[in-house]
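Participant: Chains as they are written, first to last, in the working numbering: chain F, 1 to 191; chain A, 192 to 382. Ideal placement from N, C-alpha and C gives every residue a C-beta, glycine not left out. Keep in mind it's a predicted model, so treat the numbers as computed, not measured. This is the structure, below, for whatever I ask next.
Protein chains: 2
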Amino acid sequence: MTEQQVGRRERKKAATRQAIADTALGMFLERGYDNVGIREVAQAADVAVTTVFAHFASKEALVFDRDQGLQERLIKAVTGHGARWSAPQALRDELHLMVGEFAGEQSTAFWRLVDSSTELRDYESKMWQRHADALAVAIATDRGRPTTTTTDKALARFVLGVFPLAREADDPAAAVDEIMDLVSAAWAAAA
Amino acid sequence: MTEQQVGRRERKKAATRQAIADTALGMFLERGYDNVGIREVAQAADVAVTTVFAHFASKEALVFDRDQGLQERLIKAVTGHGARWSAPQALRDELHLMVGEFAGEQSTAFWRLVDSSTELRDYESKMWQRHADALAVAIATDRGRPTTTTTDKALARFVLGVFPLAREADDPAAAVDEIMDLVSAAWAAAA
DNA sequence: ACGGTAACCCTAACGGTTAGGACTTCACAA
DNA sequence: TTGTGAAGTCCTAACCGTTAGGGTTACCGT
């Protein structure tokens with residue numbers, strides 16, 4: 001009698017999806033991304049290959065399963081900052097938090113996996129770019145525009161550039177500050 | 192007796208490469224990128240499939256054949272600007288020229304082709320990113336550093352972001368100015 | 001003139017991805 | 001309660017970009 005809002009069907013689907021993603025990530029971490037085929041993942045997860053692609057658009061998407069959360073945090077930083085902080089300030093804080101989390105135990109292994117494969121790195125870029133498009137909308141709103149201008153999109157891309165650069169920097173936190181200093185200057189110039 | 196510096200072998204290789212790229216681009220423009228397979232291109236160009244991949248690293252690379260020139264122009268703008276103009280100024284001028292060229296007769300059809308395919312758009316992003324890495328080195332030098340810092344890389348990425356954004360903007364020239372205003376502000380803040 | 005090698009060829013395969021079509025299981029209304 | 005439609009899954013066979021293996025020809029430098 002606790003939470004039966006979602007039917008069995010929906011629960012089963014979510015469970016299948018999770019099982020596939022977990023199985024795949026585990027195999028990738030253990031044996032290397034390129035050394036594990038989709039057919040193997042499907043077999044290990046005890047589903048058909050077509051089922052894998054019913055849940056994930058590509059092999060790479062198996063790895064970046066839960067990336068939607070990152071996007072939402074950025075959006076929230078821009079839309080939810082009070083009057084005390086400016087949007088760039090709020091973004092800087094949130095970015096520091098996010099980049100800091102990348103240093104965790106499991107995260108390190110995860111990002112090492114990503115770095116090991118060209119395809120995963122490419123997919124990562126595309127992911128940030130998707131997030132940049134969403135962030136541009138939030139920035140436009142924050143700057144009081146009904147629709148996104150070139151400036152908004154440029155600023156959003158600039159901000160999202162933090163992740164690749166921070167990951168490859170010796171001191172990620174310092175990289176965040178370096179880039180956000182530039183962003184703040186550009187943001188001010190746009191006002 | 193005019194210019195026999197290069198041997199027959201080298202000339203033939205270049206000719207083959209050119210023939211493949213021309214054939215492929217023609218077919219893509221006529222029938223659509225996704226509707227033309229590599230095997231077809233090879234047959235039409237009268238070469239083996241393996242020969243196609245001996246000259247081009249991927250199907251997408253067939254389309255972006257001569258992109259190296261763009262990169263060199265940007266580098267030259269940063270390294271070759273005199274004392275009269277700043278590097279951002281020189282970049283802005285060069286970008287205006289380059290973006291202007293995209294509006295030409297054949298260029299329009301070319302970019303429409305690129306826009307028609309997800310894979311080509313993705314490849315385009317990767318291409319700009321490659322150029323950004325090279326540009327970062329030039330920027331670092333211009334700013335008097337022996338090696339590229341996070342700031343240099345961020346600025347380079349920001350500049351290269353002009354192309355995708357200008358192409359999708361209603362007024363590409365205005366987009367260049369908008370973005371370069373931001374870049375100039377960031378550049379100044381970094382000094 | 002000749003040995004080495006660069007450019008090219010053919011065939012067969014690999015791995016991600018998708019189409020086609022069938023089967024089972026759940027949701028929901030009659 | 002039962003019937004019906006849709007959703008989730010399955011299997012098979014293929015498509016397409018890409019590569020490995022191994023061979024042939026044509027050019028270049030000595």
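1) So with Cβ pairs under 8 angstroms, would you call M1 (chain F) a contact of chain A?
2) What residues in the segment 326-342 of chain A have a beta carbon less than 8 angstroms from any beta carbon of chain F?
3) Inspect the beta-carbon positions of A45 (chain F) and A19 (chain F) and report whether they are closer than 8 angstroms.
4) Closer than 8 angstroms is the cut-off here; do at least three beta carbon pairs connect the segment 310-324 of chain A with the segment 336-355 of chain A?
5) Between the C-alpha atoms of S107 (chain F) and A175 (chain F), what's the straight-line distance to the nearest angstrom?
6) Considering only the beta carbon of each residue, do L182 (chain F) and T342 (chain A) sit closer than 8 angstroms?
7) T180 (chain A) to F255 (chain A), Cα distance in whole Å?
8) If you reduce the DSSP assignment to three classes, tell me which class P146 (chain F) lands in.
9) Could you check the C-alpha separation between A245 (chain A) and A239 (chain A) for me, to the nearest Å?
10) If you follow the alpha helix (DSSP H) that S86 (chain F) is part of, which residue opens it and which one closes it?
11) Quick check on this structure: which residue in F:F110, F:Y33, F:Q71 has the alpha carbon closest to the alpha carbon of M127 (chain F)?
12) Do you know offhand how far P164 (chain F)'s Cα is from S117 (chain F)'s?
13) Anything in chain F within Cβ reach of D313 (chain A), meaning under 7 angstroms, just list it in chain order.
14) If you measure from the beta carbon of L182 (chain F) to each beta carbon in chain A, is any gap under 8 angstroms?
15) Tell me the residue span of the alpha helix (DSSP H) that contains S249 (chain A).
16) Is it right to say S375 (chain A) is buried, meaning 16 or more other beta carbons lie within 10 angstroms of its own, or is it exposed?
17) Run down chain A in chain order and give the residues with a C-beta less than 7 angstroms from the C-beta of K153 (chain F).
18) With 16 as the cutoff for other CB atoms within 10 Å, does E3 (chain F) come out buried or exposed?
19) Tell me where the alpha helix (DSSP H) around F110 (chain F) begins and ends.
20) Skipping 5 residues on each side, what residues in its chain have a beta carbon closer than 8 angstroms to that of A331 (chain A)?
21) W111 (chain F): which of F:L91, F:F28, F:K59 sits nearest, CA to CA?
22) In chain order, what residues of the same chain have a beta carbon less than 8 angstroms from the beta carbon of E201 (chain A), not counting five sequence neighbours either side?
23) Thinking just about the alpha-carbon of each residue, which of A:L265, A:R199, A:E359, A:D213 is nearest to the one in A278 (chain A)?
24) Less than 6 angstroms between C-beta atoms, sequence neighbours within five positions excluded: which residues of the same chain meet that for E296 (chain A)?
25) Could you tell me whether any Cβ in chain A is nearer than 8 angstroms to the Cβ of E60 (chain F)?
26) Just to confirm, are L155 (chain F) and A190 (chain F) a CB contact at a threshold of 8 angstroms?
27) Closer than 7 angstroms by beta-carbon distance: list the chain F residues that pair up with I370 (chain A), in chain order.
28) Taking R257 (chain A) as part of the alpha helix (DSSP H), name the residues at either end of that continuous run.
29) State yes or no: is the C-beta of V269 (chain A) within less than 8 angstroms of the C-beta of A329 (chain A)?
30) Compute the beta-carbon to beta-carbon distance between A192 (chain F) and A377 (chain A), rounded to the nearest angstrom, for a pair I have assumed lies under 8 angstroms.
31) Could you round the C-beta distance between R312 (chain A) and M371 (chain A) to whole angstroms and report it? I think they count as a contact, below 8 angstroms.
32) Using a Cβ-Cβ cut-off of less than 7 angstroms, give me the residues of the segment 285-296 of chain A that come near chain F, in sequence order.
33) CB-CB under 6 angstroms to M192 (chain A), same chain, minus the five flanking residues each way: which ones, in chain order?
34) From A:A212, A:R222, A:R334, pick the residue whose C-alpha is nearest to that of A248 (chain A); which is it?
35) Kindly list the residues whose CB is nearer than 7 angstroms to the CB of T214 (chain A), restricted to its own chain and excluding five residues on each side of it in sequence; keep chain order.
Facilitator: Well, looking at it:
1) On the first sequence, residue 1 (chain F) is found 1 positions in, with the first residue counted as 1. Reliability fails at M1 (chain F), whose pLDDT of 38 lies under 50, so the model's placement of it is uncertain and the value that follows must be treated cautiously. By this cut-off, M1 (chain F) is not an interface position.
2) T340, T341, T342
3) In the first sequence, residue 45 (chain F) corresponds to position 45, counting from 1. In the first sequence, residue 19 (chain F) corresponds to position 19, counting from 1. A contact, by the Cβ cut-off of 8 angstroms.
4) yes
5) On the first sequence, position 107 is the one that residue 107 (chain F) refers to. On the first sequence, position 175 is the one that residue 175 (chain F) refers to. Approximately 18 angstroms between the Cα atoms of the pair.
6) In the first sequence, residue 182 (chain F) corresponds to position 182, counting from 1. In the second sequence, residue 342 (chain A) corresponds to position 151, counting from 1. Taking 8 angstroms as the Cβ cut-off, L182 (chain F) and T342 (chain A) qualify as a contacting pair.
7) Residue coverage of chain A in this structure runs from 192 to 382, which leaves residue 180 (chain A) outside it and unanswerable.
8) On the first sequence, position 146 is the one that residue 146 (chain F) refers to. Coil.
9) Locating residue 245 (chain A) in the second sequence gives position 54, counting from the first residue. Locating residue 239 (chain A) in the second sequence gives position 48, counting from the first residue. Near 10 angstroms, if we compare the C-alpha coordinates of A239 (chain A) and A245 (chain A).
10) Here the question's residue 86 (chain F) lines up with position 86 in the first sequence. It is not in any alpha helix (DSSP H) - S86 (chain F) carries neither H nor E in the DSSP assignment.
11) Residue mapping note: residue 127 (chain F) aligns to position 127 of the first sequence, counting from 1. Comparing Cα positions, the closest option is F:Q71.
12) In the first sequence, the residue the question calls residue 164 (chain F) occupies position 164. In the first sequence, the residue the question calls residue 117 (chain F) occupies position 117. P164 (chain F) and S117 (chain F): Cα-Cα distance of roughly 14 angstroms.
13) Here residue 313 (chain A) is taken as the residue at index 122 of the second sequence, counted from 1. Those within 7 angstroms of D313 (chain A) in chain F are K126.
14) As a position in the first sequence, residue 182 (chain F) is number 182, starting the count at 1. So yes, L182 (chain F) belongs to the interface.
15) By one-based count along the second sequence, residue 249 (chain A) stands at place 58. Unbroken run through S249 (chain A): none, as it is neither H nor E.
16) Residue mapping note: residue 375 (chain A) aligns to position 184 of the second sequence, counting from 1. When all chains shown are included, S375 (chain A) counts as buried.
17) What you label residue 153 (chain F) is simply residue 153 of the first sequence in a count that begins at 1. What K153 (chain F) touches in chain A: L356.
18) Residue numbering aside, residue 3 (chain F) sits at position 3 when the first sequence is read from its first letter. The predicted position of E3 (chain F) is uncertain, since its pLDDT is 44 and thus under 50; a value taken from the coordinates is nonetheless stated next. Classification for E3 (chain F): exposed.
19) Along the first sequence, one-based indexing puts residue 110 (chain F) at 110. Segment 105-115, the alpha helix (DSSP H) holding F110 (chain F).
20) Reading the second sequence from its first residue, position 140 is the one you call residue 331 (chain A). Only P337, T338, T339, T340, D343 meet the Cβ criterion.
21) Here residue 111 (chain F) refers to the residue found at position 111 when the first sequence is read from its first residue. Comparing Cα positions, the closest option is F:F28.
22) Within the second sequence, the letter at position 10 stands for residue 201 (chain A). Around E201 (chain A): no qualifying Cβ.
23) Mapped onto the second sequence, residue 278 (chain A) falls at position 87. Closest by alpha carbon: A:L265.
24) Position 105 of the second sequence, counting from 1, holds the residue named residue 296 (chain A). Excluding sequence neighbours, E296 (chain A) sits near nothing in its chain.
25) On the first sequence, position 60 is the one that residue 60 (chain F) refers to. Chain A contact via Cβ: absent.
26) As a first step, residue 155 (chain F) is located in the first sequence; it is residue number 155 there, counting from the start. As a first step, residue 190 (chain F) is located in the first sequence; it is residue number 190 there, counting from the start. In this structure, A190 (chain F) lies closer than 8 angstroms to L155 (chain F) by Cβ.
27) Residue 370 (chain A) sits at position 179 when you count from the first residue of the second sequence. Within chain F, the residues near I370 (chain A) are T150, A154.
28) As a first step, residue 257 (chain A) is located in the second sequence; it is residue number 66 there, counting from the start. Segment: none, R257 (chain A) is in no alpha helix (DSSP H) and carries neither H nor E.
29) Your numbering for residue 269 (chain A) matches position 78 in the second sequence. Your numbering for residue 329 (chain A) matches position 138 in the second sequence. Cβ atoms of V269 (chain A) and A329 (chain A): closer than 8 angstroms.
30) This structure does not reach residue 192 (chain F), given that chain F is present from 1 up to 191, and the question cannot be answered.
31) Reading the second sequence from its first residue, position 121 is the one you call residue 312 (chain A). Reading the second sequence from its first residue, position 180 is the one you call residue 371 (chain A). Not confirmed; about 23 angstroms, so no contact.
32) none
33) By 1-based counting over the second sequence, the position of residue 192 (chain A) is 1. Because the pLDDT at M192 (chain A) is just 38, under 50, the model does not fix this residue reliably, and the value given afterwards should be weighed accordingly. Once the five neighbours on either side are set aside, M192 (chain A) has no close Cβ partner at all.
34) Counted from its first residue, the second sequence places residue 248 (chain A) at position 57. When each option's Cα is compared against that of A248 (chain A), the closest is A:A212.
35) In the second sequence, counting from the first residue as 1, residue 214 (chain A) sits at position 23. Counting only Cβ-Cβ distances below 7 angstroms, and skipping sequence neighbours, we find V232, A235, A236.
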